[in-house]
Amino acid sequence: MRVLGIEGTAWCASAALYDAETDSVLIESDAYEPDSGGIHPREAAEHMSEAIPEVVDRVLAVAEDEHGPDAIDAVAFSRGPGLGPCLRIVGTAARSLAGTLDVPLVGVNHMVAHLEIGRHRSGFDNPVCLNASGANAHLLGYHDGRYRVLGETMDAGVGNAIDKFTRHVGWSHPGGPKVEAAAAEFAGTDPGADGGDSTADLLDLPYVVKGMDFSFSGISSAANDAADDGVPVEEICFSLQEHAFAMLTEVSERALSLTGADELVLGGGVAQNDRLREMLAAMCEARGADFHAPEPRFLRDNAGMIAVLGAKMAAAGDTVAISESAVDPNFRPDQVPVTWRDGESVARGGGGGASGGAARDPDADRRGAEATVTVAGSGEDRRVIKRRVPKSYRHPDLDRTLRRDRTVAEARLTSEARRAGVPTPLVDDVDLASATLTLQYVGDRDLAAALDERWTEAVGRHLARLHGAGIVHGDPTTRNVRVSPDGVGRRRGNGESDAPPEAYLIDFGLGYHTGHVEDHAMDLHVFEGSIRATATDPDPLIAAFEAGYGAAGDDEVLERLRDVADRGRYR
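Sequential numbering from 1 applies to the sequence shown in the UniProt record's numbering.
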């Protein structure tokens with residue numbers, strides 16, 4: 001099968017020929033370059049209308065020269081997400097071409113194509129995928145016939161966040177390569193500086209991770225303010241990269257930990273940044289996971305990935321009638337039925353959560369996203385020793401700050417939550433120098449290994465009580481709830497037995513004090529996201545969770561939850 005792919009979601013007009021028999025890809029592209037500022041939708045569409053016929057003609061000429069007049073077996077096009085005016089031009093061209101050639105038409109989700117080209121080129125079976133591009137940033141994993149969103153930006157895409165700063169300082173689009181060069185120059189001013197091991201000064205910029213979701217709007221504004229205050233632009237670029245890419249690497253590790261996956265692929269235009277790739281490779285090496293980033297031509301917006309996925313979809317009979325091929329600027333990747341592959345879920349259940357996970361042996365040592373966990377003692381005297389391990393991918397100053405602050409927050413908020421009536425482990429000891437906590441052993445396993453409505457309803461009640469005390473958990477995933485499904489109660493600090501068995505909230509490292517309804521709603525969003533990412537039938541579990549919260553909490557939080565959920569880049 002030979003497929004002609006057409007891409008034009010925003011700035012790059014591109015056409016490609018994919019030959020499935022030889023696994024060869026020819027790509028022709030013509031990028032839009034604005035005179036100033038960022039991408040202007042009208043100008044981008046004008047560029048697309050001129051460039052698409054030219055790149056398509058160049059690819060068709062090669063195809064017909066090498067394979068004759070019947071060279072094309074299908075036409076694939078980027079159906080969304082993207083800028084509506086650009087998508088409509090691409091859709092019109094693809095429909096016209098498919099009709100003229102009398103071949104099937106395939107509508108491809110641009111973001112799923114970023115994932116699939118990484119999976120295709122790496123040979124990985126079931127990876128977690130980090131897409132890091134201009135307008136988008138999210139984590140995807142395959143589960144039950146679709147790619148689920150494991151985590152995503154709640155405001156700007158990572159590329160747009162960087163471009164917001166570069167526009168502020170008067171640099172032309174695209175800003176990413178200029179920031180990368182300036183950051184490397186600044187790090188190089190310090191003898192021996194090299195990436196995350198650099199001792200170059202680091203500005204204090206916002207670092208916002210909420211479960212596996214994240215936010216970039218604050219870091220862009222802080223970088224702009226630093227420039228206005230006269231901080232050298234190279235220093236800002238260095239700190240901007242170190243913070244933003246550390247956030248992406250951390251949430252990627254959290255996704256690997258939640259799912260138990262041991263493969264990670266990277267996609268999107270920002271994935272061309274050497275520092276981001278270096279961070280992700282270091283993280284994966286440290287936890288024994290495999291990492292792959294395709295060659296640069298498949299990372300920037302390109303028709304090659306559209307053609308490759310289009311061939312897989314066409315082979316599976318997943319084509320679209322011309323009359324039903326309208327583009328969708330808000331086409332979410334989790335809306336796409338995955339017809340071209342099967343296999344087990346990315347949620348394999350063996351990774352162990354940040355505070356212990358659902359390993360086969362509940363007392364075995366394990367490593368989560370942040371910490372190593374060791375169970376010491378036996379019987380009712382068992383204790384959990386949790387140590388936040390240094391992360392080599394992070395700048396050492398940032399790493400020390402995060403490990404210390406999160407250890408302090410976990411110790412303090414775990415105790416405060418318990419006093420507020422929320423079941424949590426007792427904190428026996430805190431060692432800030434080594435970022436280590438000694439905690440009471442609670443529960444038999446993580447909720448991730450025992451998902452049912454009884455427990456999700458209990459979590460809803462616990463979070464409502466927590467929020468009533470003015471505390472946000474920050475990371476209430478199914479890995480950070482411990483349960484005793486077999487009905488075995490645990491001992492309280494006074495030696496009395498719990499009755500009935502309870503669900504315990506653990507790992508308050510991302511928690512903080514707030515009474516704001518927005519922050520409380522975000523807590524609910526994080527928990528529901530962890531269920532949707534891994535459960536085969538998430539709706540009853542989520543309904544029970546919200547019923548539990550509604551019975552004990554503020555209805556305004558549930559109302560705000562709808563707004564928070566709609567704020568993701570793909571809704």
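Every residue, glycine too, gets a C-beta built ideally from N, C-alpha and C.
Helix, strand or coil at residue i [DSSP, three-state]
i	result
E21	coil
H143	strand
A226	helix
E43	helix
S133	coil
K210	strand
I306	helix
E559	helix
H467	helix
A289	coil
R406	helix
H513	strand
E7	strand
D342	coil
S14	strand
D523	helix
S217	helix
L248	helix
S434	coil
A326	coil
K312	helix
D70	coil
N126	coil
E546	helix
T477	coil
K386	strand
V320	coil
E28	strand
Residue i versus the options, residue with shortest Cα-Cα distance
i	options	result
V55	A156, I27, E43 and R388	I27
V564	C12, G550 and F527	F527
F124	L203, D290 and V483	D290
M111	V103, A93 and G141	G141
E21	H516, A311 and G118	A311
E295	A10, V25 and T9	V25
V422	L130, E242 and G460	G460
Y32	A10, T100, A417 and D23	A10
A261	V336, R146, D566 and T534	T534
R277	R394, V481, A71 and G80	R394
T456	I531, H520 and R387	I531
C12	H173, R560, G84 and N302	N302
E453	T438, V517, A547 and L402	A547
Beta-carbon gap between residue i and residue j smaller than 8 Å
i	j	result
L505	D475	no
A182	V233	yes
E116	V308	yes
A411	V430	yes
V59	A16	yes
L203	E235	yes
D318	V128	no
T477	L451	no
G157	V327	no
L266	A132	yes
A417	F545	no
G553	G468	yes
R403	A435	yes
Burial state of residue i, where buried means 16 or more other Cβ atoms lie within 10 Å
i	result
I322	exposed
D163	buried
N330	exposed
A222	buried
E263	buried
H525	buried
L299	buried
P104	buried
R366	buried
E185	exposed
H513	exposed
Integer-rounded CB distance, given that residue j should sit under 8 Å from residue i
i	j	result
A246	M212	Incorrect: roughly 14 Å between the Cβ atoms, too far for contact.
L240	L205	7 Å
G134	N160	6 Å
L398	E242	6 Å
Y147	P333	5 Å
D155	F216	6 Å
C389	A369	Just to set this straight, residue 389 is Val in the shown sequence, not Cys. So it is not a contact: roughly 10 Å between Cβ atoms.
T113	M313	Correcting the residue type first, residue 113 is Ala in the shown sequence and not Thr. Going by Cβ atoms, the distance from A113 to M313 rounds to 10 Å, so no, they are not a contact pair.
Short CB-CB distance (under 8 Å) between residue i and chain D
i	result
A31	Among the protein chains of the structure shown there is no chain D, as only one such chain exists.
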